[in-house]
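Visitor: Let me give you the structure first, and then I'll get to my questions.
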Amino acid sequence: NTISIIGSYKWVNFIITCDIYIESNKGGAFIAGRISKAGIYVASAKGIFFWVFPDGTYQVTRDLTGNEILMKGLSGVQANRWHTLTLILKGSNISGMLNGYPLWENVTTHSPENGWAAIGTHSFELTQFDNFHVEAS
Numbered sequence: 004n005t006i007s008i009i010g011s012y013k014w015v016n017f018i019i020t021c022d023i024y025i026e027s028n029k030g031g032a033f034i035a036g037r038i039s040k041a042g043i044y045v046a047s048a049k050g051i052f053f054w055v056f057p058d059g060t061y062q063v064t065r066d067l068t069g070n071e072i073l074m075k076g077l078s079g080v081q082a083n084r085w086h087t088l089t090l091i092l093k094g095s096n097i098s099g100m101l102n103g104y105p106l107w108e109n110v111t112t113h114s115p116e117n118g119w120a121a122i123g124t125h126s127f128e129l130t131q132f133d134n135f136h137v138e139a140s
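Position one of the sequence shown corresponds to residue 4 (this note's numbering), numbered consecutively onward.
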């Protein structure tokens, strides 16, 4: 998986927003928060990963590899269209929005408690990211 780590490891409560454009019908993209590891250790990073896939599905996982699934469902995301993802991390409750509308809410997690923000892709598919914004409190 590809990943770009952004911000401060000390962040706890924050909102991440980013526009994504998946350029093919393969793979997927994510925004993430509370990432626990970086550098050579990033492959085993924990955090909250909000994935969307061009087949119209989404997943919320606790790990970069996508093995620890917290929530999944249908999103309506398609390739070759811009979509706005929002990840809201407040205490032990996390929620996600797609194109300004709630997609999933009130998933409870107690770890990790803090960490970086991130963006990335499932593999090395071509995906564009724009208007990345973090609001930390």
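Glycine included, each C-beta is placed from N, C-alpha and C at the ideal position.
Counting C-beta neighbours from all protein chains within 10 Å, is the total for A46 16 or more, i.e. buried, or is it exposed?
Guide: One-based indexing of the sequence shown puts residue 46 at position 43. Exposed, since its Cβ has fewer than 16 Cβ neighbours within 10 Å.
Visitor: Is G36 buried or exposed, if buried means 16 or more other CB atoms sit within 10 Å of its CB?
Guide: For the purposes of this step, residue 36 is taken as residue 33 along the sequence shown, with counting starting at 1. By the 10 Å Cβ count, G36 comes out buried.
Visitor: Check for me: the beta strand (DSSP E) holding Q62 runs from which residue to which?
Guide: Locating residue 62 in the sequence shown gives position 59, where the first residue counts as 1. Residues 60-66.
Visitor: Using only alpha-carbon positions, find the residue among F127, K75, A120, T124 that is nearest to S11.
Guide: Indexing the sequence shown from 1 puts residue 11 at position 8. The shortest Cα separation from S11 among F127, K75, A120, T124 belongs to A120.
Visitor: Excluding sequence positions up to five away, which residues of its chain have a Cβ less than 6 Å from the Cβ of F52?
Guide: By 1-based counting over the sequence shown, the position of residue 52 is 49. These residues qualify, in order along the chain: F33, A35, T64.
Visitor: In angstroms, rounded to a whole number, what distance separates the CA positions of N16 and D58?
Guide: Along the sequence shown, one-based indexing puts residue 16 at 13. Along the sequence shown, one-based indexing puts residue 58 at 55. Each residue's Cα considered, the two are about 31 Å apart.
Visitor: As a quick exercise: from F127, I91, Y104, pick the residue whose alpha carbon is nearest that of T111.
Guide: If you number the sequence shown from 1, residue 111 lands on position 108. Of F127, I91, Y104, the residue nearest in Cα terms is I91.
Visitor: DSSP three-state label for A120, please.
Guide: For the purposes of this step, residue 120 is taken as the residue at position 117 of the sequence shown. Note: A120 maps to strand in three-state DSSP.
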